[in-house]
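*Asks:*
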Amino acid sequence: MSDASSRPPGSTSSRHRATGTAAFLALLLGLFSLSFTLGVPHAAADTSSTARISLNANTPAVSSSGEAVTVTGTITNTGSEPIDHPVAHVSVGSRLLDTRATAERWMSGKLDIPLNEIASNDESTSLGAGSSTSFAVDIPGKKLKYPYGLASLPLTVTVTDGASSAASAIRGMTRSTLQLQNGTARSPLQVSIVVPLTLPADSDLFGPTGAARAAAWEHALGPDSKVQRTLDAFQGQPVIFAVDPALIDPPAPADDNVPSATATPSGSSSSSPSGSSSGDGSDGSSGSGSSTPDPTSTASGDSTGSTSTPDGQTSDGQTSDGQTSDSASGGASDGASDGASDGASDTTSSSSSSPTSTAPPTTPQGKVAAAVNGFRERLTSLDDGQSVWWLPSDDPDLTALQQLGDSGKQLASRDFSRDLPDGLEQVGDTRVIWPTGDLTGAAVTSYAKDLAKRSKNPAVALLPDRTVGSSQTGTATHRVAGTSGVLTYDEQLSRLFSSSTTSPGTQTGRLLTQLMALYLQSPGTPRSLALTAPRNGGANPVQLAAQVGALREAGWMSLRSGTETTAALRKAPRTTLLKTPRKGDSTPKTPKPAVTAPELAELAEARTRLTGLRSVLVGGDDVIPPRMRGLDIIGSTRWRGASAKLAAVADRNTTAVGAMLRKLSIRSSTINFFADSGDISVTVSNELNRPVRGLQLHLQPTKYLIRVTDSVEKVDIDAVSRATAHFHIEAVGGGTVPIDALLSAPNGIPLTDADSPSQLKINVHPTSGWIMWVLGVLAGLILAIGLWRAVRRGPRTASEPGATDTPTPNDAIVDAGQKSPHQTDDAEYDDEGTADE
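Take the sequence shown: its position 751, counting from 1, is numbered 755 in our numbering, and each next residue is one higher.
Following this line, the structure appears as structure tokens:
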């Protein structure tokens with residue numbers, strides 16, 4: 005028996021024998037066509053089709069050495085009348101489908117081949133309108149003894165109403181194939197199958213902390229999620245999983261505040277206005293700004309043992325906005341805050357009193373962590389032969405970002421620069437780039453080198469076979485400079501493999517036929533190919549796994565594991581990528597890119613402002629980078645075809661960053677300034693959950709009526725507190741002066757919106773001019789009035805007693821001075837010194 009040939013074993017032919025045989029076959033064909041109406045059943049079925057037939061994969065998928073085959077499926081009555089006596093007929097033809105073109109023509113209905121009915125079943129129950137029933141037809145092994153070493157034969161399943169095979173009785177027909185192998189195939193095809201595991205385009209996955217985000221992560225990673233069902237379906241199958249690390253390291257939630265700082269045992273209260281600044285800048289205040297606690301705060305955020313914390317935070321660590329403080333969740337903040345580390349700390353804190361507690365988590369953070377940990381455990385316990393290749397973080401849309409210029413390339417570079425979470429290199433140490441759509445060869449090698457900076461080895465590139473020369477399509481493994489190898493996948497076969505279908509058996513037979521035809525192009529020659537499943541769960545994992553199971557039964561191919569594939573890449577011949585891929589239909593077909601240049605511009609602005617906040621926030625190096633990473637999610641491949649969801653995510657992130665920065669605010673006020681120069685006070689509030697240090701407050705007068713001696717003052721403010729900064733100003737003129745007040749980082753990055761700054765109003769009344777004139781005039785008037793009154797009154801003289809004066813009584817004691825010798829005691833004198841007789 006020939007190892008690879010589809011000919012009968014030992015067959016020879018001469019021109020004479022061939023001519024006679026051809027004539028004989030032509031005669032038989034004519035008789036066959038007349039006597040077997042089932043030979044071309046589609047013509048009748050097209051005119052009276054009222055039954056839809058869905059096939060399962062044949063059992064077994066490949067018949068070896070005359071092994072019996074069972075054809076199963078489902079019949080659905082799509083007509084308005086019942087099928088009283090449905091019968092399924094299986095017919096097989098002897099013509100080989102030995103080329104990909106022939107196989108495609110047969111399956112598409114463009115090629116008619118005479119068939120012979122070899123088996124049927126007899127369903128005794130009537131099939132009502134709209135009803136379905138399953139069927140099974142056993143093909144005896146003796147009916148499958150065709151003289152071929154390796155063959156793919158045309159097969160049809162026809163449903164009739166009754167046992168008659170007349171055209172009038174046919175209710176439906178479907179085409180498929182039957183695979184036979186009666187020998188050993190030399191040098192079978194080496195097939196690598198890559199299945200992506202990525203996050204869906206669900207905007208709630210990237211929302212703020214809360215129930216909606218937790219539910220989205222449970223839906224994406226929980227027991228009933230698509231990724232878990234994919235792992236279940238492929239259990240035991242030698243496939244390569246291309247995994248987005250974001251599944252295990254979620255981005256930080258789009259919260260409008262930063263996580264609280266971990267409580268310290270210092271015992272000192274930061275609410276004291278005169279508190280000194282500590283060495284690490286986490287307590288007290290310094291500089292020109294004196295910090296005071298917010299009136300709503302009843303205890304310092306840095307103190308321990310208190311029953312309440314600033315901003316309405318309760319003793320169990322749950323803030324009023326639903327965010328868990330680090331005193332309860334262990335202090336992790338970003339992707340880790342919802343990833344394994346934060347989830348672990350959340351679970352630990354909730355069960356510290358009962359070490360054996362297995363109660364499910366109740367907080368949003370705990371639920372996210374549980375889903376992430378469950379998926380992580382699945383990856384660490386994969387079956388032998390299964391491998392994990394890590395995509396760049398967040399699976400960036402490399403083709404779209406490349407087309408958007410420098411801003412897009414910078415986003416891709418940031419995704420490439422992120423390390424794998426701790427412990428994941430034990431799951432798999434191969435990094436892979438897998439662009440959606442066509443990417444230039446130069447861009448591929450550039451991205452591979454970028455990704456290699458975070459890995460022990462350069463990255464593998466997974467590309468369509470159009471990226472290499474046509475002379476190299478016989479192999480899927482290539483060595484390319486700057487990479488750990490290029491694995492090229494067959495786009496046509498990958499499209500067939502991953503297409504959704506209502507008849508999985510038909511699709512499986514079609515795939516087997518195409519792969520056999522590919523093998524028969526050059527049997528015995530070592531060759532390889534790769535198949536890929538679509539991203540975002542675009543295909544039924546159960547159907548995909550069923551096809552992989554059928555491929556494993558085919559002796560003309562061998563499935564390669566990830567380890568075997570990487571080994572083959574190291575030994576592959578050297579080649580170069582084409583400058584641009586050859587023309588062709590990209591597989592899998594994907595919608596246009598969703599991310600736009602304006603969205604990248606808003607992203608850059610938000611990142612810049614967060615960079616400024618990072619420089620003044622205590623612990624900013626820990627909590628701000630994860631938040632910035634959460635902004636970069638808009639560059640992911642998942643958003644293709646989901647532009648509206650991407651726009652919602654981008655808007656929400658921009659709004660959250662703006663709200664976070666507005667928690668640093670300047671209190672507007674009106675100041676009456678009665679001096680030539682002096683100090684004014686400006687109050688700055690910090691509603692963030694962490695202190696800020698070195699915040700710069702700028703005053704910019706809009707009129708030249710005052711001059712600020714030093715327009716910038718540094719302010720230190722505790723979490724959820726206020727601070728006062730003092731500025732020295734000099735009056736230049738009188739009037740009302742609006743002053744723009746702005747906050748910035750030490751590096752000059754504005755932290756408040758420059759287009760709508762806070763405003764102070766100063767009513768300036770300088771004392772150096774008019775006030776002295778007014779005082780001088782008043783003094784002169786007072787002096788003049790006093791002189792006028794003195795002149796008008798003249799010298800002061802004694803006045804005579806009036807007529808109404810009362811005379812002195814006779815007995816009054818009057819001191820008249822020393823008596824004269826001529827006076828007597830009884831003498832009385834008048835006013836002129838003469839005494840009255």
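All C-beta atoms in this analysis are idealised placements derived from N, C-alpha and C, irrespective of residue type, glycine included.
Here the structure is a predicted model, which means the values were calculated and not measured.
Could you tell me if S488 is buried or exposed, where buried requires 16 or more neighbouring beta carbons within 10 angstroms of its beta carbon?
*Replies:* As a position in the sequence shown, residue 488 is number 484, starting the count at 1. That one is buried.
*Asks:* Between which two residues does the alpha helix (DSSP H) harbouring Q763 extend?
*Replies:* Your numbering for residue 763 matches position 759 in the sequence shown. Taken as a continuous stretch (DSSP letters only), Q763 belongs to no alpha helix (DSSP H), being part of the beta strand (DSSP E) at S762 to V768.
*Asks:* Measure the CB-CB distance between V91 and S124 and report whether it falls below 8 Å.
*Replies:* Sequence index remark: in the sequence shown, residue 91 carries index 87 (1-based). Sequence index remark: in the sequence shown, residue 124 carries index 120 (1-based). In contact: V91 and S124 (Cβ atoms closer than 8 Å).
*Asks:* Where T164 and L203 are concerned, what is the direct C-alpha to C-alpha distance, given to the nearest angstrom?
*Replies:* Taking the first residue of the sequence shown as 1, we reach residue 164 at position 160. Taking the first residue of the sequence shown as 1, we reach residue 203 at position 199. T164 and L203: Cα-Cα distance of roughly 46 Å.
*Asks:* Mind checking whether the beta-carbon of I143 lies closer than 7 Å to any heavy atom of the ligand COA?
*Replies:* Questions concerning the ligand COA fall outside what the structure shown contains, since it holds no ligand whatsoever.
*Asks:* Pull up the distance between the alpha-carbon of G634 and that of P257, whole angstroms please.
*Replies:* As a first step, residue 634 is located in the sequence shown; it is residue number 630 there, counting from the start. As a first step, residue 257 is located in the sequence shown; it is residue number 253 there, counting from the start. Each residue's alpha carbon lies about 7 Å from the other.
*Asks:* Answer with yes or no whether the minimum CB distance from T658 to chain D is below 8 Å.
*Replies:* Checking the listed chains, one finds no chain D in this structure; it contains a single protein chain.
*Asks:* Taking the DSSP output, what are the residues bridged to Q844?
*Replies:* Because the chain spans 5 through 841 in this model, residue 844 falls outside it and cannot be assessed.
*Asks:* Under the rule that 16 or more other beta-carbon atoms within 10 Å means buried, what is Y493, buried or exposed?
*Replies:* Here residue 493 corresponds to residue number 489 of the sequence shown, with the count starting at 1. Under this definition Y493 is a buried residue.
*Asks:* Does DSSP put F720 in a helix, a strand or coil?
*Replies:* The residue you call residue 720 lines up with position 716 of the sequence shown. Looking at the sequence provided, one finds Asp at residue 720 rather than Phe. Three-state DSSP puts D720 in a strand.
*Asks:* On the DSSP bridge assignment, give the partners of N81 in chain order.
*Replies:* Counting from one through the sequence shown, the residue named residue 81 turns up at place 77. According to DSSP, which records beta bridges pairwise, N81 is partnered with A55.
*Asks:* Would you check if the distance between the CB atom of Q183 and the CB atom of S84 is smaller than 8 Å?
*Replies:* Numbered from its first residue, the sequence shown carries residue 183 at position 179. Numbered from its first residue, the sequence shown carries residue 84 at position 80. Not in contact: Q183 and S84 (Cβ atoms no closer than 8 Å).
*Asks:* Could you check if N62 is buried or exposed, using at least 16 other CB atoms within 10 Å of its CB as the buried criterion?
*Replies:* The count along the sequence shown starts at 1 and reaches residue 62 at position 58. Classification for N62: buried.
*Asks:* Three-state secondary structure (DSSP) at T384?
*Replies:* Stepping through the sequence shown from its first residue, residue 384 is reached at position 380. T384: helix per DSSP, three-state reduction.
*Asks:* Which residues in the same chain as L159 place their Cβ atom closer than 6 Å to its Cβ, once the five residues preceding and following it in sequence are excluded?
*Replies:* For the purposes of this step, residue 159 is identified with residue 155 of the sequence shown, where counting begins at 1. Around L159: V96, S180, T181 and L182.
*Asks:* Please return the same chain residues whose Cβ sits closer than 6 Å to the Cβ of L148, not counting the five positions on each side in sequence.
*Replies:* Working through the sequence shown from its first residue, we reach residue 148 at position 144. The residues are S67 and G70.
*Asks:* With a threshold of 8 Å on Cβ separation, who are the neighbours of S762 within its own chain once the five nearest residues in sequence on each side are excluded?
*Replies:* The sequence position of residue 762 within the sequence shown is 758, counting from 1. Closer than 8 Å at the Cβ level, and outside the excluded window around S762, lie S669, I670, R671, S672, D744, A745, L746 and T756.
*Asks:* Which term fits Y708, buried or exposed, when burial requires 16 or more other beta carbons within 10 angstroms of its beta carbon?
*Replies:* By 1-based counting over the sequence shown, the position of residue 708 is 704. Classification for Y708: exposed.
*Asks:* Using the Cβ count rule (16 or more neighbours within 10 Å means buried), how would you classify G176?
*Replies:* In the sequence shown, the residue the question calls residue 176 occupies position 172. Result: buried.
*Asks:* Taking contact to mean at least 3 C-beta pairs separated by less than 8 Å, is the stretch 458-471 in contact with the stretch 430-439?
*Replies:* Touching, yes.
*Asks:* Give me the residue from I753, G737 and D419 with the minimum Cα distance to R458.
*Replies:* Taking the first residue of the sequence shown as position 1, residue 458 is located at position 454. Measuring from the Cα of R458, the nearest candidate turns out to be D419.
*Asks:* Kindly indicate which three-state DSSP category Q369 falls into: helix, strand or coil?
*Replies:* Here residue 369 refers to the residue found at position 365 of the sequence shown. Note: Q369 maps to helix in three-state DSSP.
*Asks:* Need the endpoints of the alpha helix (DSSP H) that F678 sits in, please.
*Replies:* If you number the sequence shown from 1, residue 678 lands on position 674. From DSSP, F678 is part of no alpha helix (DSSP H); its letter is neither H nor E.
*Asks:* Determine, using beta carbons only, whether V716 and L764 come nearer to each other than 8 Å.
*Replies:* The residue you call residue 716 lines up with position 712 of the sequence shown. The residue you call residue 764 lines up with position 760 of the sequence shown. No, they are not a contact pair.
*Asks:* Could you give the DSSP three-state label for E691: helix, strand or coil?
*Replies:* Indexing the sequence shown from 1 puts residue 691 at position 687. E691: coil per DSSP, three-state reduction.
*Asks:* Less than 8 Å separating the beta-carbons of D656 and S264?
*Replies:* Translated into positions along the sequence shown, residue 656 becomes position 652. Translated into positions along the sequence shown, residue 264 becomes position 260. In the sequence on display, residue 656 carries Arg and not Asp. Not a contact, by the Cβ cut-off of 8 Å.
*Asks:* Helix, strand or coil for V599 per DSSP?
*Replies:* Against the sequence shown, residue 599 aligns to sequence position 595. Of the three classes helix, strand and coil, the one that applies to V599 here is coil, per DSSP.
*Asks:* Should the stretch 591-611 be regarded as contacting the stretch 370-385, the criterion being three or more beta carbon pairs within less than 8 Å?
*Replies:* Taking 8 Å as the limit for Cβ pairs, the verdict is that the stretch 370-385 does not touch the stretch 591-611.
*Asks:* How about the stretch 516-531 and the stretch 575-584: do they share at least three Cβ pairs that are nearer than 8 Å?
*Replies:* Contact between the stretch 516-531 and the stretch 575-584 is absent, because fewer than three Cβ pairs lie under 8 Å.
*Asks:* I want to know whether the stretch 649-667 touches the stretch 726-743 - three or more CB-CB distances under 8 Å.
*Replies:* In short, these stretches do not touch, since the Cβ pair count stays below three.
*Asks:* Using alpha carbons as the reference points, say which of F731, L692 and I87 lies closest to I710.
*Replies:* As a working note, residue 710 is residue 706 in the sequence shown. Comparing Cα positions, the closest option is F731.
*Asks:* Return the residue from the list A189, D680, W393 and D206 that minimises the CA-CA distance to L522.
*Replies:* Position 518 of the sequence shown holds residue 522. Ranking A189, D680, W393 and D206 by Cα distance to L522 puts A189 first.
*Asks:* DSSP on T76, reduced to helix/strand/coil?
*Replies:* Residue numbering aside, residue 76 sits at position 72 when the sequence shown is read from its first letter. The answer is strand: DSSP assigns T76 an E or B state.
*Asks:* What is the DSSP secondary structure of D346, reduced to helix, strand or coil?
*Replies:* The residue given as residue 346 occupies position 342 in the sequence shown. Only weak support exists for where D346 lies, its pLDDT of 40 falling under 50; the value from the coordinates is given anyway. In this structure, D346 counts as helix in the three-state DSSP scheme.
*Asks:* Quick check on A537: does DSSP put it in helix, strand or coil?
*Replies:* If you number the sequence shown from 1, residue 537 lands on position 533. Note: A537 maps to coil in three-state DSSP.
*Asks:* Under three-state DSSP, which class holds P630?
*Replies:* Residue 630 sits at position 626 when you count from the first residue of the sequence shown. In this structure, P630 counts as helix in the three-state DSSP scheme.
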